[in-house]
Amino acid sequence: MNFLQEYWNRIGKPDSQDSANPRPLTQWRLPPSNCLKLNVDASIRHSKGRIGVEGVFCDYTIVVIACFSKILMGSFSIDDAEALIVCEGLEFAFQHYFHSLVVDSDSMRTIQAIFNSQSLVPNGIGISNICNLLVSTNYVMCQHILHEENMVAYILASFAF
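Set out below in structure tokens:
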């Protein structure tokens with residue numbers, strides 16, 4: 001099965017004959033022309049003791065500039081995994097000189113923790129690392145998006161296993 005086919009299977013390809021119950025469309029938002037967008041997601045396999053973390057960098061013309069995927073061993077909560085992937089994405093970006101970013105995550109708690117920057121949250125170490133990376137940037141905006149807007153990163157995460 002190819003990537004596009006897998007994508008349509010996951011989100012449910014629109015059926016032109018089912019207009020009585022139209023599915024609300026969510027649209028991927030473009031980054032500003034001087035920025036890249038980083039979509040991140042994490043996938044947990046508790047039974048296997050590992051997580052998949054991944055990110056996709058796109059420009060304002062929706063061209064994929066880079067992507068990455070990692071499998072990490074260990075027992076992680078979903079909040080730890082989501083914080084870890086934002087941190088991994090920022091580190092990847094800085095290693096490749098991507099200094100102007102819009103970071104999209106479908107984890108509301110992670111985005112809120114970044115803005116609160118409290119080290120006492122359950123995933124405080126990961127959040128502290130993110131905040132330290134943000135200080136050294138030209139421009140990074142972190143924002144929460146709906147899960148449906150993050151399907152490319154989600155599908156990439158599922159392929160990590």
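Residues 1 to 161 (UniProt numbering) make up the sequence shown, in order.
The C-beta atom is built at its ideal place from N, Cα and C for all residues, glycine as well.
- Message: For Thr61, count the other beta carbons within 10 Å of its own beta carbon; 16 or more makes it buried, fewer makes it exposed. Which is it?
- Response: Sixteen is the threshold: since fewer than 16 other Cβ atoms of the shown chains lie within 10 Å of the Cβ of Thr61, the residue is exposed.
- Message: Assuming the contact rule is C-beta atoms closer than 8 Å, Val86 and Ser105 should be a hit. Round their C-beta distance to whole Å, please.
- Response: Contact between Val86 and Ser105 holds: their C-beta atoms lie close to 6 Å from each other, under 8 Å.
- Task: Please look up how many angstroms separate the CB atoms of Glu82 and Thr110, rounded, as I've assumed it's under 8 Å.
- Result: Cβ-Cβ separation between Glu82 and Thr110: approximately 4 Å, consistent with a contact (criterion under 8 Å).
- With 16 as the cutoff for other CB atoms within 10 Å, does Leu146 come out buried or exposed? When all chains shown are included, Leu146 counts as exposed.
- Message: I need the boundaries of the beta strand (DSSP E) containing Asn39, first residue and last residue.
- Response: That run of the beta strand (DSSP E) goes Leu36 to Arg45.
- Item | Closest residue to Cys58 among Leu72, Gly49 and Leu38 (Cα-Cα distance) | Closest by alpha carbon: Leu38.
- Item | CB of Ile78 within 8 Å of CB of Ile44, strictly | Cβ distance < 8 Å, so Ile78 and Ile44 count as in contact.
- DSSP beta-bridge partners for Cys142? Secondary-structure assignment with DSSP links Cys142 through a beta bridge to Val103.
- Message: Please report the distance separating the alpha-carbon of Gly49 from that of Ser33.
- Response: Straight through space, the alpha carbons of Ser33 and Gly49 are spaced by roughly 40 Å.
- Keeping to the same chain, check which residues put their C-beta closer than 6 Å to that of Ser107; ignore five residues upstream and five downstream. Excluding positions up to five away in sequence, the list reads Glu82.
- Message: Give me the DSSP bridge partner(s) of Glu54.
- Response: DSSP lists Asp41 and Ser69 as partners of Glu54.
- Quick one: residues in its chain with C-beta nearer than 7 Å to the C-beta of Gly65, no 5 flanking neighbours on either side, listed in chain order? The residue you asked about is not Gly; residue 65 is Ile in the sequence shown. The beta carbon of Ile65 sits closer than 7 Å to those of Leu36, Phe57, Cys58 and Asp59, all from its chain and outside the five residues before and after it, given in chain order.
- Query: Which value, in whole angstroms, describes the spacing of the CA atoms of His99 and Met141?
  - Reply: Linking His99 to Met141 through their CA atoms gives a straight-line distance of about 11 Å.
- Ala93 and Leu101: beta carbons closer than 8 Å? Yes, they are a contact pair.
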